[in-house]
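S.K.: For the protein sequence lines, the chains are D and F, in the order given. Position one of the first sequence corresponds to residue 0 (numbering that gives the first Met the number 0), numbered consecutively onward. Position one of the second sequence corresponds to residue 0 (numbering that gives the first Met the number 0), numbered consecutively onward.
Number of protein chains: 2
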Amino acid sequence: MTDAHNHSSRSLSQACELCSVRHRAMCAAVDFERLGELEKIVSHRQFAPGQLIFEESDPADYVFNVSNGDVRLYKLLADGRRQITGFLRPGDFLGLVKQEAYAYGAEAIDAVELCCMRIVDLERLLRELPAVRDRLLDMSRDELAAAQEQMLLLGRKSAREKVLSFLLMRARNEHDLDGGEAVTLDLPMSRSDIADYLGLTIETVSRTFTSLKEEGLIDLPSAQHVVLPDIDAAEAAASAD
Amino acid sequence: MTDAHNHSSRSLSQACELCSVRHRAMCAAVDFERLGELEKIVSHRQFAPGQLIFEESDPADYVFNVSNGDVRLYKLLADGRRQITGFLRPGDFLGLVKQEAYAYGAEAIDAVELCCMRIVDLERLLRELPAVRDRLLDMSRDELAAAQEQMLLLGRKSAREKVLSFLLMRARNEHDLDGGEAVTLDLPMSRSDIADYLGLTIETVSRTFTSLKEEGLIDLPSAQHVVLPDIDAAEAAASAD
DNA sequence: CGAGCTGTTGACATTGCTCAAATTTCGTGG
DNA sequence: CCACGAAATTTGAGCAATGTCAACAGCTCG
Numbered sequence: 000m001t002d003a004h005n006h007s008s009r010s011l012s013q014a015c016e017l018c019s020v021r022h023r024a025m026c027a028a029v030d031f032e033r034l035g036e037l038e039k040i041v042s043h044r045q046f047a048p049g050q051l052i053f054e055e056s057d058p059a060d061y062v063f064n065v066s067n068g069d070v071r072l073y074k075l076l077a078d079g080r081r082q083i084t085g086f087l088r089p090g091d092f093l094g095l096v097k098q099e100a101y102a103y104g105a106e107a108i109d110a111v112e113l114c115c116m117r118i119v120d121l122e123r124l125l126r127e128l129p130a131v132r133d134r135l136l137d138m139s140r141d142e143l144a145a146a147q148e149q150m151l152l153l154g155r156k157s158a159r160e161k162v163l164s165f166l167l168m169r170a171r172n173e174h175d176l177d178g179g180e181a182v183t184l185d186l187p188m189s190r191s192d193i194a195d196y197l198g199l200t201i202e203t204v205s206r207t208f209t210s211l212k213e214e215g216l217i218d219l220p221s222a223q224h225v226v227l228p229d230i231d232a233a234e235a236a237a238s239a240d
Numbered sequence: 000m001t002d003a004h005n006h007s008s009r010s011l012s013q014a015c016e017l018c019s020v021r022h023r024a025m026c027a028a029v030d031f032e033r034l035g036e037l038e039k040i041v042s043h044r045q046f047a048p049g050q051l052i053f054e055e056s057d058p059a060d061y062v063f064n065v066s067n068g069d070v071r072l073y074k075l076l077a078d079g080r081r082q083i084t085g086f087l088r089p090g091d092f093l094g095l096v097k098q099e100a101y102a103y104g105a106e107a108i109d110a111v112e113l114c115c116m117r118i119v120d121l122e123r124l125l126r127e128l129p130a131v132r133d134r135l136l137d138m139s140r141d142e143l144a145a146a147q148e149q150m151l152l153l154g155r156k157s158a159r160e161k162v163l164s165f166l167l168m169r170a171r172n173e174h175d176l177d178g179g180e181a182v183t184l185d186l187p188m189s190r191s192d193i194a195d196y197l198g199l200t201i202e203t204v205s206r207t208f209t210s211l212k213e214e215g216l217i218d219l220p221s222a223q224h225v226v227l228p229d230i231d232a233a234e235a236a237a238s239a240d
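#1: Against chain F, with Cβ distances strictly below 8 angstroms, would D/Ala144 count as a contact?
#2: In chain D, what lies closer than 7 angstroms to F/Asp240 by C-beta?
#3: At a Cβ threshold of 8 angstroms, is D/Ser164 touching chain F?
#4: Quick check on the burial criterion: 16 or more other C-beta atoms within 10 angstroms. Buried or exposed for D/Gly90?
#5: Quick one: what's got a C-beta closer than 6 angstroms to D/Val20's C-beta in the same chain, skipping five residues either side?
#6: Can you tell me whether D/Thr84 is buried or exposed, with buried defined as 16 or more other CB within 10 angstroms of its CB?
#7: Are the C-beta atoms of D/Thr1 and some chain F residue less than 8 angstroms apart?
#8: Give me the subset of the region 89 to 118 of chain D whose CB atoms are less than 8 angstroms from a CB atom of chain F, sorted by chain position.
#9: Just to confirm the assignment: which complete alpha helix (DSSP H) runs, minimum length 4, are found wholly within the region 149 to 205 of chain F?
#10: Determine, for F/Thr207, whether the minimum Cβ-Cβ distance to residues of chain D falls below 8 angstroms.
#11: May I ask you to report which of helix, strand or coil DSSP gives F/Glu112?
#12: By DSSP's criteria, D/Pro58 is part of a beta bridge. Which residues make up the other side?
#13: Do you know how far the Cα of D/Val225 is from the Cα of D/Thr203?
#14: Suppose the cutoff is 7 angstroms on Cβ atoms and the five residues either side in sequence are ignored; what does the same chain contact list for D/Pro228 look like?
#15: What residue does the beta strand (DSSP E) around F/Ile83 start on, and which one ends it?
#16: Return the chain-ordered list of same chain residues with a C-beta closer than 6 angstroms to the C-beta of F/Ser7, the five sequence neighbours on each side being excluded.
#17: Taking a contact to mean a Cβ-Cβ separation below 8 angstroms, would you say F/Arg80 touches D/Arg155 in this structure?
#18: Can you tell me which of the three DSSP states D/Ser19 falls into?
#19: If you follow the beta strand (DSSP E) that D/Asp120 is part of, which residue opens it and which one closes it?
#20: Between D/Ala27 and D/Arg134, which are expected to be in contact by the criterion C-beta below 8 angstroms, what is the C-beta distance as a whole number of angstroms?
#21: What does D/Leu136 touch in chain F if you count any residue whose Cβ is under 7 angstroms from its own?
#22: Which residue marks the beginning of the beta strand (DSSP E) containing F/Leu227, and which one marks its end?
#23: Quick check: what's the CA-CA separation for D/Leu151 versus F/Ala105?
#24: Under the three-state reduction of DSSP, which class applies to F/Ile217: helix, strand or coil?
#25: Is there contact here, the region 185 to 199 of chain F with the region 61 to 78 of chain F, by at least three beta-carbon pairs under 8 angstroms?
#26: Which residues in chain D have a C-beta closer than 7 angstroms to the C-beta of F/Pro129? List them in chain order.
#27: Between the alpha carbons of F/Leu51 and F/Ala110, how many angstroms are there, rounded?
#28: With F/Leu76 as the anchor, note down where its alpha helix (DSSP H) starts and where it stops.
#29: Under three-state DSSP, which class holds F/Ala105?
#30: Can you name the residues of chain D whose CB is closer than 9 angstroms to the CB of F/Met168?
#31: Can you tell me where the alpha helix (DSSP H) with F/Leu34 in it begins and where it stops?
#32: Check this for me: beta carbons of F/Leu143 and D/Glu54, under 8 angstroms apart or not?
#33: In whole angstroms, give me the CA-to-CA distance for D/Val119 and D/Ser205.
#34: What does DSSP give as the partner residues of F/Leu136 in its beta bridges?
#35: Look at the alpha carbon of F/Asn5 and the alpha carbon of F/Gln98, and state the distance between them as a whole number of angstroms.
#36: F/Ala102 and D/Ser238: beta carbons closer than 8 angstroms?
Listed below in structure tokens is the structure:
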């Protein structure tokens, strides 16, 4: 039982109307005139790279929206094996559960700022603003569709297909993928995170990157930067469904 | 593009108030006095074993509740590799998506009866009965938690752990698992379905069943019946998280 | 009784893992 | 700015778990 969201994380206040990710977040369903109600119940906290946000057994008092930075969600087995169930970026939502404990752990990958709300306050907000509930349902259905896609990846794709699918997914998230032109990706997470997300070992991830580079499907200017010179060729090799 | 829910499936009418799975389904959120409104917009359809309910590319006009029987949900890769993302039982919900096409395919495993509702009618119902929206959000969060648990299984468990986890999950669903006593499971799905659910081949599933039987952790009176004589021993071997 | 399907078993191949070491990167302090 | 040490990444060699291909067995339904 940790208390991570109460220590070594500074509390900030910020106007919701200035929030750069409001349109992507749950808050998009709150009318502009009612942002004041939202501001009254949210607070902001910062987390250092690697810092625990909450773990699976923690009592679930708060829900969070990512304002800045990247977060990893994970589940652990008793012997320490880890499965990362998702990487979150600004605008994404975490912490909503029906039960009294979180269903997964969460850690900051880089410097992270979260917008926090007590679950009891969220529930009151949901009663007052039904549109927010719609929004949460939509976001949950999107999460579920992503989870099903990830099950397909984990259960049925080869290491090469997993890595390519991962890169293409990140490429689609960050860019509009007009078509032919090269895309440069920034990977804030470590090889270990990528391995635990794809159900591989770090060695296999590293070897796969190297062999994709040798094939010319990607370029690796540094360990955290990947260039996809030909998206279409990569799509073909990723066993697109 | 199939049209499965319009052919070779008989339409039935049945009173919602007599529905044996109402308490588990979305409909649990509808007041007893307002079941009439529900009955007006639902219809029932039957599917034969193996019959397609809808496939991934189909336009999503309907949502369904399973009244009877078992359903498999799956996603396919272009070359035919399949990942089963879930097995549904009576009371479970399928077909809700934000987009205009289903996010996965669905097939009847055995004789299935579904309670069907047009998505447009569901949306009207949601506006009139906010409690149903709560219920759907809760059900979606449960589905998501199950999906994350399955990602852990697919990405990080061995074949033996996968099979044991699968059996224990079914045991927990069907029984209260008081503790020491033996549990008999009925597996309506084929080895091929189990393999595609666990990210294995049918041969590995079959071999794993055999070796679990040799170890005494399970008994196999027939291919579709599994006895778990000692739940606790099985839990320990399944790498419970 | 035979055909066909599902499940099991066997032999072998292969992907990805384990263990180990080399290399690169990065932060820190001199 | 450079040197050092720690951590992350890459590379290598061997191996184990699981997949592939093939044969066989058992059951169901005509």
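From the three backbone atoms N, C-alpha and C, an ideal C-beta is built for every residue, glycine too.
M.R.: The answer reads as follows:
#1: Start at 1 with the first residue of the first sequence, and residue 144 of chain D comes out as number 145. D/Ala144 counts as touching chain F.
#2: Here residue 240 of chain F refers to the residue found at position 241 of the second sequence. By Cβ distance, chain D contributes Lys74, Leu75, Leu76 and Ala77.
#3: What you label residue 164 of chain D is simply residue 165 of the first sequence in a count that begins at 1. It does not: the Cβ of D/Ser164 has no partner Cβ on chain F nearer than 8 angstroms.
#4: Counting from one through the first sequence, the residue named residue 90 of chain D turns up at place 91. It counts as buried.
#5: For this step, residue 20 of chain D is matched to residue 21 along the first sequence. Correct list, in chain order: Pro89 and Gly90.
#6: The residue you call residue 84 of chain D lines up with position 85 of the first sequence. Result: buried.
#7: Here residue 1 of chain D refers to the residue found at position 2 when the first sequence is read from its first residue. In this predicted model, D/Thr1 has a pLDDT of only 43, less than 50, meaning its place in the structure is not dependable; the value taken from the coordinates is given anyway. Cβ-Cβ to chain F under 8 angstroms: no for D/Thr1.
#8: Leu95, Val96, Lys97, Ala102 and Tyr103
#9: 158 to 173 and 190 to 197
#10: Taking the first residue of the second sequence as 1, we reach residue 207 of chain F at position 208. No, F/Thr207 lies away from the interface with chain D (no Cβ there is under 8 angstroms from its Cβ).
#11: Here residue 112 of chain F is taken as the residue at index 113 of the second sequence, counted from 1. Collapsing the DSSP output to three states places F/Glu112 in a strand.
#12: Position 59 of the first sequence, counted from the first residue, corresponds to residue 58 of chain D. According to DSSP, which records beta bridges pairwise, D/Pro58 is partnered with D/Ala100.
#13: Counting from 1 along the first sequence, the entry for residue 203 of chain D is found at position 204. Counting from 1 along the first sequence, the entry for residue 225 of chain D is found at position 226. So the alpha carbons of these two residues sit roughly 17 angstroms apart.
#14: Taking the first sequence and counting its residues from 1, the one referred to as residue 228 of chain D is at position 229. These residues qualify, in order along the chain: Ala181 and Asp218.
#15: Counted from its first residue, the second sequence places residue 83 of chain F at position 84. Residues Arg81 to Leu87.
#16: Walking along the second sequence from the start, residue 7 of chain F turns up at place 8. With a pLDDT of 45 at F/Ser7, under the threshold of 50, the predicted position of this residue should be treated as unreliable, though the coordinate-derived value follows. Result list for F/Ser7: empty, nothing under 6 angstroms.
#17: In the second sequence, residue 80 of chain F corresponds to position 81, counting from 1. In the first sequence, residue 155 of chain D corresponds to position 156, counting from 1. In this structure, F/Arg80 lies near D/Arg155, with their beta-carbon atoms less than 8 angstroms apart.
#18: Taking the first sequence and counting its residues from 1, one reaches residue 19 of chain D at position 20. DSSP, reduced to helix, strand and coil, places D/Ser19 outside both helices and strands of the structure shown, so it counts as coil.
#19: The sequence position of residue 120 of chain D within the first sequence is 121, counting from 1. D/Asp120: not part of any beta strand (DSSP E); member of the alpha helix (DSSP H) spanning Ile118 to Glu127, first to last residue.
#20: Locating residue 27 of chain D in the first sequence gives position 28, counting from the first residue. Locating residue 134 of chain D in the first sequence gives position 135, counting from the first residue. So it is a contact: roughly 6 angstroms between Cβ atoms.
#21: Residue mapping note: residue 136 of chain D aligns to position 137 of the first sequence, counting from 1. Under the 7 angstroms cutoff, chain F gives Arg132, Leu135, Leu136 and Ser139.
#22: Translated into the one-based positions of the second sequence, residue 227 of chain F becomes position 228. Note, F/Leu227: beta strand (DSSP E), His224 to Leu227.
#23: Against the first sequence, residue 151 of chain D aligns to sequence position 152. Against the second sequence, residue 105 of chain F aligns to sequence position 106. Rounded to whole angstroms, D/Leu151 to F/Ala105 spans 15 angstroms at the Cα level.
#24: Within the second sequence, the letter at position 218 stands for residue 217 of chain F. Three-state result, F/Ile217: coil.
#25: yes
#26: As a working note, residue 129 of chain F is residue 130 in the second sequence. By Cβ distance, chain D contributes Pro129.
#27: Here residue 51 of chain F corresponds to residue number 52 of the second sequence, with the count starting at 1. Here residue 110 of chain F corresponds to residue number 111 of the second sequence, with the count starting at 1. Approximately 12 angstroms between the Cα atoms of the pair.
#28: Residue mapping note: residue 76 of chain F aligns to position 77 of the second sequence, counting from 1. Taken as a continuous stretch (DSSP letters only), F/Leu76 belongs to no alpha helix (DSSP H), as it is neither H nor E.
#29: Here the question's residue 105 of chain F lines up with position 106 in the second sequence. Strand.
#30: Counting from one through the second sequence, the residue named residue 168 of chain F turns up at place 169. By Cβ distance, chain D contributes nothing, its closest Cβ being about 15 angstroms from F/Met168, past 9 angstroms.
#31: Taking the first residue of the second sequence as 1, we reach residue 34 of chain F at position 35. Unbroken alpha helix (DSSP H) run through F/Leu34: Leu34 to Ile40.
#32: Translated into positions along the second sequence, residue 143 of chain F becomes position 144. Translated into positions along the first sequence, residue 54 of chain D becomes position 55. No, the Cβ-Cβ distance between F/Leu143 and D/Glu54 is not below 8 angstroms.
#33: Counting from 1 along the first sequence, the entry for residue 119 of chain D is found at position 120. Counting from 1 along the first sequence, the entry for residue 205 of chain D is found at position 206. When rounded, the separation of the alpha-carbon atoms in D/Val119 and D/Ser205 is 44 angstroms.
#34: Numbered from its first residue, the second sequence carries residue 136 of chain F at position 137. Bridge partners of F/Leu136: none, in fact.
#35: Residue numbering aside, residue 5 of chain F sits at position 6 when the second sequence is read from its first letter. Residue numbering aside, residue 98 of chain F sits at position 99 when the second sequence is read from its first letter. Model confidence at F/Asn5 stands at a pLDDT of 41, short of 50, so the residue's coordinates are unreliable; what they give is reported in the following sentence. One C-alpha to the other measures close to 21 angstroms.
#36: For this step, residue 102 of chain F is matched to residue 103 along the second sequence. For this step, residue 238 of chain D is matched to residue 239 along the first sequence. The answer is no: Cβ separation not under 8 angstroms.
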